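First up is the structure itself, then whatever we jot down about it.
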Amino acid sequence: KKESQAPVLRQLQIDAGVTVRRSCSTCGMEYVPSNPEDADLHNKFHSMNDTGIDLGKAFVRANASRWVYEAARSDGGDIVIVDRKASPVVRNQAKKVLDVVNKELSSPPIDEATLWSQTEPPPQYRKNGKKEETDRYKVFLHMRESKCMGLCLAERIWEAHPVKVQPVGKDGHRSSSISIGEERHPAIVGVSRIWTCAAARRRGIAMDLLDCVVNNFIYGLDIPKEQIAFTQPTASGICLAECFFGEDETWHAYIEN
Numbered sequence: 453k454k455e456s457q458a459p460v461l462r463q464l465q466i467d468a469g470v471t472v473r474r475s476c477s478t479c480g481m482e483y484v485p486s487n488p489e490d491a492d493l494h495n496k497f498h499s500m501n502d503t504g505i506d507l508g509k510a511f512v513r514a515n516a517s518r519w520v521y522e523a524a525r526s527d528g529g530d531i532v533i534v535d536r537k538a539s540p541v542v543r544n545q546a547k548k549v550l551d552v553v554n555k556e557l558s559s560p561p562i563d564e565a566t567l568w569s570q571t572e573p574p575p576q577y578r579k580n581g582k583k584e585e586t587d588r589y590k591v592f593l594h595m596r597e598s599k600c601m602g603l604c605l606a607e608r609i610w611e612a613h614p615v616k617v618q619p620v621g622k623d624g625h626r627s628s629s630i631s632i633g634e635e636r637h638p639a640i641v642g643v644s645r646i647w648t649c650a651a652a653r654r655r656g657i658a659m660d661l662l663d664c665v666v667n668n669f670i671y672g673l674d675i676p677k678e679q680i681a682f683t684q685p686t687a688s689g690i691c692l693a694e695c696f697f698g699e700d701e702t703w704h705a706y707i708e709n
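So for the sequence shown, this note's numbering puts the first residue at 453; every next one is plus one.
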């Protein structure tokens with residue numbers, strides 16, 4: 453019997469003491485530049501982050517009669533609200549955008565079951581002791597034609613803590629760290645994630661999204677700003693919060709479960 457030959461191994465990459473994997477400073481993706489497939493994947497992901505995420509023309513048509521609002525501050529576009537009752541196709545598209553946002557913001561992923569789940573208030577916030585389930589999350593997408601230019605993931609909450617923002621440093625930069633007070637105040641909505649693609653920042657998209665959350669998270673209720681809270685924001689998120697609430701106004705943060 454002829455002995456089987458050992459497989460021939462080929463070295464595809466040489467590590468000559470330089471970093472093989474790189475992390476893109478814009479989109480945050482780690483990739484191997486010398487690998488054509490990896491580089492191509494990064495180019496596609498980077499383009500989505502930079503110029504918006506194309507969801508197809510059918511996406512807006514599918515939502516034309518439900519939960520679509522005109523964006524007033526930014527230069528054109530509509531805001532589509534996706535919730536638990538949306539069709540599976542629409543929910544999948546919203547999840548696609550959220551996955552990109554989570555990667556850029558280094559936020560933990562949210563699985564499908566949790567994203568489209570329902571929640572109920574803690575005992576102290578129940579009316580007459582009754583359990584009343586409500587949708588936990590709603591996804592607000594800022595659309596310009598078939599591209600998603602921004603996203604806000606809003607969550608039903610019941611309490612939040614007042615924020616103490618660190619002052620601007622001597623170098624003129626603001627720290628992204630905040631401290632929160634121990635006291636608990638009633639709250640209705642938590643802004644879990646908010647994002648705008650790189651090509652459309654500073655054009656009012658994030659403020660449009662927040663306005664839509666205020667007016668439409670709960671049907672028929674304009675939510676007071678003092679009952680809206682943010683999670684731990686980035687430095688730019690702190691600037692957005694101060695712009696939304698007012699520079700000298702107190703605003704709140706909540707702890708995600």
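Cβ atoms here follow ideal geometry from the backbone N, Cα and C, with glycine treated the same way. Here the structure is a predicted model, which means the values were calculated and not measured.
For residue i, the first and last residue of its enclosing alpha helix (DSSP H)
{"i": "Ile562", "result": "Run containing Ile562: none; DSSP gives neither H nor E here."}
{"i": "Lys509", "result": "Lys509 to Ala514"}
{"i": "Asp663", "result": "Ile657 to Asn668"}
Beta-carbon proximity check, residue i vs residue j, cutoff 8 Å
{"i": "Asp660", "j": "Ala565", "result": "no"}
{"i": "Pro638", "j": "Gln679", "result": "yes"}
{"i": "Ile505", "j": "Cys600", "result": "yes"}
{"i": "Arg596", "j": "Gly642", "result": "no"}
{"i": "Ile690", "j": "His594", "result": "no"}
{"i": "Arg655", "j": "Leu557", "result": "no"}
{"i": "Val484", "j": "Leu550", "result": "no"}
{"i": "Leu603", "j": "Val666", "result": "no"}
{"i": "Ile630", "j": "Gln684", "result": "yes"}
{"i": "Arg636", "j": "Glu611", "result": "yes"}
{"i": "Ala693", "j": "His613", "result": "no"}
Closest by C-alpha distance to residue i, when choosing among the options
{"i": "Trp647", "options": "Lys622, Ala612, Thr686 and Gly672", "result": "Thr686"}
{"i": "Thr571", "options": "Tyr589, Asn668 and Ser644", "result": "Tyr589"}
{"i": "Val542", "options": "Phe511, Ser569, Glu634 and Ser559", "result": "Phe511"}
{"i": "Thr586", "options": "Asp535, Cys664 and Thr702", "result": "Asp535"}
{"i": "Val615", "options": "Gly633, Arg608 and Ile609", "result": "Gly633"}
{"i": "Arg513", "options": "Asp490, Tyr483 and Ser539", "result": "Ser539"}
{"i": "Cys664", "options": "Tyr483, Arg473 and Glu522", "result": "Glu522"}
{"i": "Lys583", "options": "Pro573, Val591 and Gln684", "result": "Pro573"}
{"i": "Phe669", "options": "Arg608, Asp563, Lys579 and Ala546", "result": "Arg608"}
{"i": "Glu699", "options": "Val617, Arg636 and Gly672", "result": "Val617"}
{"i": "Ser688", "options": "Ala491, Ala658, Arg473 and Lys548", "result": "Ala658"}
{"i": "Leu507", "options": "Ala491, Lys548 and Ser559", "result": "Lys548"}
{"i": "Ala650", "options": "Arg474, Phe696 and Thr503", "result": "Thr503"}
{"i": "Lys537", "options": "Asn487, Gly672, Trp568 and Lys555", "result": "Trp568"}
{"i": "Lys677", "options": "Ser598, Glu482, Glu489 and Trp703", "result": "Trp703"}
Per-residue DSSP class, three states only, for residue i
{"i": "Leu567", "result": "helix"}
{"i": "Lys537", "result": "coil"}
{"i": "Leu593", "result": "strand"}
{"i": "Thr503", "result": "helix"}
{"i": "Val643", "result": "strand"}
{"i": "Arg474", "result": "strand"}
{"i": "Asp674", "result": "coil"}
{"i": "Leu490", "result": "Leu is not the amino acid found at residue 490; the sequence shown has Asp there. Of the three classes helix, strand and coil, the one that applies to Asp490 here is helix, per DSSP."}
{"i": "Asp551", "result": "helix"}
DSSP beta-bridge partners of residue i
{"i": "Pro485", "result": "For Pro485, which the question treats as bridged, DSSP gives no partner whatsoever."}
{"i": "Glu522", "result": "Asp530"}
{"i": "Glu611", "result": "Pro638"}
{"i": "Thr683", "result": "Bridge partners of Thr683: none, in fact."}
{"i": "Val617", "result": "Ile630"}
{"i": "Ala431", "result": "Because the chain in this structure spans residues 453 to 709, residue 431 falls outside the shown range and cannot be described."}
{"i": "Asp587", "result": "Gln570"}
Unbroken beta strand (DSSP E) run spanning residue i, endpoints
{"i": "Glu607", "result": "Lys599 to Arg608"}
{"i": "Ala693", "result": "No beta strand (DSSP E) contains Ala693, which is instead part of the alpha helix (DSSP H) from Ala687 to Phe697."}
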